[in-house]
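J.: First the structure, which I've put down as structure tokens, then a few questions once you've had a look.
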Ligand SMILES: [Zn+2]
């Protein structure tokens, strides 16, 4: 079984959810435990809870990514189709929020101010 690592982005989501039990440390410990339910039922059930919570975190991450991508498609594009990072509906003096991390954005790798 390959080890599951909680990414920085997933840690942010977990922090926002603010559950007292399901912290990144708790999840990493239990997602990577491999207890048999017949040999150690409490451990196996704790791991099952961690897997459920982690699945929800992955679903939230996916949802947020698709929402960002949808908003990015509404932003201005260069002639070559890359993202300019400016939303049509907003002023053009700074990149739109969803495009600050946009891989297609020309702001990628540049210093962002403010
Ligand atoms: Zn974008």
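Numbering (the working numbering), first residue to last: 353 to 466.
Where is the CB? At the ideal position from N, CA and C, for every residue including glycine.
Predicted, not measured: the structure shown is a model, and the values here were computed from it.
Assign residue 429 to one of three DSSP states: helix, strand, or coil.
T.: Strand at residue 429.
J.: For residue 363, collect the residues of the same chain with a Cβ closer than 6 Å to its Cβ; drop the 5 residues on either side in sequence, then sort them by chain order.
T.: Cβ within range, chain order: 376.
J.: Output the boundary residues of the alpha helix (DSSP H) element that contains residue 381.
T.: Counting along the chain, the alpha helix (DSSP H) containing residue 381 begins and ends at 376-383.
J.: Out of 385, 412, 427, which one is the CA nearest neighbour of residue 354?
T.: For the residues 385, 412, 427, the minimum Cα distance to residue 354 belongs to 385.
J.: What residues match up with residue 439 in a beta bridge as DSSP calls it?
T.: Answer is 427, bridged to residue 439.
J.: Indicate whether the contact test is met: 3 or more Cβ pairs, each with one atom in the segment 428-439 and one in the segment 447-456, closer than 8 Å.
T.: Contact between the segment 428-439 and the segment 447-456 is present, because at least three Cβ pairs lie under 8 Å.
J.: Give the range of the alpha helix (DSSP H) segment to which residue 363 is assigned.
T.: Counting along the chain, the alpha helix (DSSP H) containing residue 363 begins and ends at 360-369.
J.: Look at the alpha carbon of residue 424 and the alpha carbon of residue 390, and state the distance between them as a whole number of angstroms.
T.: Each residue's alpha carbon lies about 49 Å from the other.
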